[in-house]
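Reviewing the structure listed below.
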Amino acid sequence: MNRFCFLFLIALLLSSSCKKQSYLFTSFREPATDGLHLAYSNDGYRWTDLSGDYLKPEVGGKLMRDPSIARGKDGTFHLVWTTNWKGDKGFGYAGSKDLVHGSAQRFLPVMEHEPEVVKRQTK
């Protein structure tokens, strides 16, 4: 399935005009460098993998771990993800109004002011 058809399918699945609710699951595969993986479900129990990587990470440590997508009140889809195991003090972000055209990826340095953020406490 080409990327345009896939994104059109997802937009239909998530559209508020659909009478039937569907679910979209975001995931990654190790080593987390190939990008976003997706699956969908009509009932929340049986999932269909939408084989492929759909957004290669280009910011931070150039990894995509723990991706999460949510739709804002204005209809914009927001995708966030962890970009590295440690050293990056923020996360990756991309947005889309229609899941066909997306914003450029950005690194959001939300923990930049926290020098101890990657240290683990040991007892």
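Heads up: the sequence shown begins at 2 in our numbering, then just goes up one per residue.
In this text, a Cβ means the ideal position worked out from N, Cα and C, and glycines have one as well.
Quick caveat: nothing in here was measured; it's all calculated off a predicted structure.
From residue i to residue j, what does the alpha carbon distance come to, in whole angstroms?
i, j, result
"Ala40", "Glu59", "22 angstroms"
"Ser104", "Glu117", "31 angstroms"
"Leu81", "Val111", "Looking at the sequence shown, residue 81 is not Leu but Val. Rounded to whole angstroms, Val81 to Val111 spans 12 angstroms at the Cα level."
"Leu56", "Gln106", "9 angstroms"
"Val101", "Tyr94", "16 angstroms"
"Asp44", "Glu115", "41 angstroms"
"Arg66", "Lys74", "25 angstroms"
"Phe26", "Pro32", "19 angstroms"
"His38", "Ser52", "7 angstroms"
"Arg30", "Ser23", "23 angstroms"
Near residue i, what residues of its chain come up, given a Cβ to Cβ distance below 6 angstroms and the 5 sequence neighbours on each side ignored?
i, result
"Ser97", "Phe78 and Gly103"
"Arg72", "Phe78"
"Gly76", "none"
"Arg47", "none"
Residues in its own chain within less than 8 angstroms of residue i by CB, not counting five upstream and five downstream?
i, result
"Gly62", "Thr84, Asn85, Trp86, Gly88 and Asp89"
"Gly91", "Gly61, Thr84, Phe108, Leu109, Pro110, Val111, Met112 and Glu113"
"Thr49", "Ala40, Tyr41 and Ser42"
"Ser69", "Thr27, Leu80, Val81 and Trp82"
Mapping the DSSP letters down to three states, classify residue i as helix, strand or coil.
i, result
"Leu100", "coil"
"Ser69", "strand"
"Leu133", "The structure shown has nothing for residue 133, since the chain only spans 2 to 124."
"Cys6", "Per-residue confidence for Cys6 stands at a pLDDT of 47, beneath the threshold of 50, marking its modelled position as unreliable; the derived number appears in the next sentence. It is helical."
"Asp54", "coil"
In chain order, what residues of the same chain lie with their CB nearer than 7 angstroms to the CB of residue i, ignoring the 5 residues before and after it?
i, result
"Lys21", "Asn43"
"Gly36", "Asp54, Tyr55, Leu56, Lys57, Pro58 and Met65"
Would you list, in sequence order, the uninterrupted beta strand (DSSP E) runs of no fewer than 3 residues that lie entirely inside the segment 18-47? 24-28 and 38-42
Which parts of the segment 73-97 are runs of the alpha helix (DSSP H), unbroken and 4 residues or longer, counting only runs that do not cross its ends? none
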